[in-house]
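According to the working numbering, the stretch in the sequence shown is residues 12 to 432, in order. A virtual CB, placed ideally from N, CA and C, is assigned to each residue, including glycine. Here the structure is a predicted model, which is why all the values come from computation and not from measurement. What follows is a short report on a single structure.
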Amino acid sequence: MKILIIGGGGREHTLCWKLSQNPKVKKIFCAPGNAGTAELGENVPIDAEDIPALLKFAKKEQIYLTIVGPEAPLVNGIVDEFEKANLRIFGPKKAAAMLEGSKAFCKEIMISAGVPTAEYVEITSLKQVDSVLKKFDKAAVKADGLAAGKGVLLCNSKEEIKKALQKILRDKAFGSAGNKVVVEEMLAGEEASILGFCDGKNVKIMVSSQDHKRALDDDEGLNTGGMGAYSPAPVVNGLEERIQKEIMQPMVDEMQKRGTPYKGILYAGLMINNSEIKVIEFNARFGDPECQCVLPRMKTDLVDVIEACIDGTLDKIDLQWKKESACCVVLASGGYPGDYKKEEVIVGLENAKSFDNVLVFHAGTKSQDGKVVTNGGRVLGIVGLGSDIKGAIDAAYLGVSQINFNRMHFRTDIGKRALDR
Ligand code: AMP
Ligand code: GLY
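See below:
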């Protein structure tokens, strides 16, 4: 079996690692991949968003199964194009991926499905600002379309809301992604992520996880793609069944009812406040770095689950999980999420990997002259496994202590919230 993974981050290296455990998998290609995926398979120098080139490659290589990591190709219809060419691919079609591609669409589906979420209004013109300010004193102001994770502005006063709306609607800070804006009530609580496998009718949720979005310790600094994660997230304990029944299944039912069944990974970003659960957003893919913590805990074969999702037979799968906890610490380039330098030599990878309870997942790395060098903002995800969260955190930081590169930056408090509980 030949598999093509699209993307080149930590999530995609983790997918490569998990899929390569199936003996039927003879070869994995990763486009464009990183230095980690190159160790498990072959990198293909095609951009993750170049759908025609990916399609041509999959046909030429007779790829049996393609798995899409990032959101942009999904929202741009890669699954539709591959299916038209009779190629097997895992992910939602364009119409279903719009749950991530348009925040306004996602809100509309949530409301129809009766899924709990923040109060909101949708606006397209600065003429509507006064009506927004009447409704909200604080708000999360969101560009409707994809904005590489940067399209959300959290505003703590009417003045800030007004400035945010001007930035998006007048100054076009997020280009056409901001032609429409969703303004939401500010939610309080603790965030967690629940990912689900979906086959169009059924959804099976994975173990919970929690991301760390801010760049610096104690949730200070700028928002990033994610500086670390752990699984399970104690804040979710005991709420799993409600999340399945009140959030995930109603979304899948609503999408099926509309004739746009959801197949793929459905990622719910949740805000939990005591026993109140509200959805902040849905994504159409695995979270990164949540994936790095969740997949190492999965006992069931990933190829089998993905095939069941594609074939609509997920109800036949018994998803099994390991009891152990996982913690992922992201090592980033100095300056990230702002400007940073590339091609810094990374040392200590072999030492970190030599521990039984440490996994090293590459993100922004590449091979150069026989060395592994940095090639992005988020460079590595070091995952520790342990019988409890404390053990997992200790293992992760033991791995981290082995690795170095010029201006390496990481958070020292990943998992602290779970420990505090
Ligand atoms: P999103 O891109 O929708 O995940 O938003 C990015 C981050 O902004 C989320 O992870 C939350 O930390 C925060 N956020 C988004 N919406 C809200 C909200 N309604 N209330 C509070 N925080 C929010
Ligand atoms: N870790 C957040 C995301 O993948 O969107």
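- Relative to the non-hydrogen atoms of the ligand GLY, the Cβ of Pro81 never comes closer than 7 Å to any of them.
- By the neighbour-count criterion, in which 16 or more other beta carbons inside 10 Å mark a residue as buried, Leu98 falls on the buried side.
- CA-CA distance, Pro272 to Asp299, rounds to 24 Å.
- Using a Cβ distance threshold of 8 Å, Ser123 and Glu292 do not count as a contacting pair.
- Straight-line spacing of the CA atoms in Gly160 and Ile276 works out to 18 Å.
- In this structure, the straight-line span from the alpha carbon of Asp155 to that of Leu176 is close to 12 Å.
- Per DSSP, Leu313 is one residue of the alpha helix (DSSP H) stretching across 313–322.
- Counting other Cβ atoms within 10 Å of its Cβ, Ser113 reaches 16 or more and is therefore classed as buried.
- Counted as a single uninterrupted DSSP element, the alpha helix (DSSP H) harbouring Asp264 occupies residues 260–268.
- Taking the Cβ of Pro261 as the reference point, every heavy atom of the ligand GLY lies at 7 Å or farther away.
- Excluding sequence positions up to five before and after Pro261, its CB lies within less than 7 Å of the CB of Ala124, Gly125, Val126, all in the same chain and listed in chain order.
- One Cα belongs to Ala108, the other to Gly162, and the distance between them is close to 17 Å.
- Assigned with DSSP and collapsed to three states, Glu257 falls in helix.
- The three-state reading of DSSP puts Glu287 in strand, counting E and B together.
- Between the stretch 140–147 and the stretch 307–314, the count of C-beta pairs closer than 8 Å stays below three; the two stretches do not touch.
- Beta-bridge pairing by DSSP links Arg225 to Asn234.
- The closest heavy atom of the ligand AMP lies 7 Å or more from the beta carbon of Met266.
- The beta carbon of Asn362 sits closer than 7 Å to those of Gln413, all from its chain and outside the five residues before and after it, given in chain order.
- Comparing alpha-carbon positions, the option among Lys353, Ile317, Val369, Asn368 lying closest to Gln379 turns out to be Lys353.
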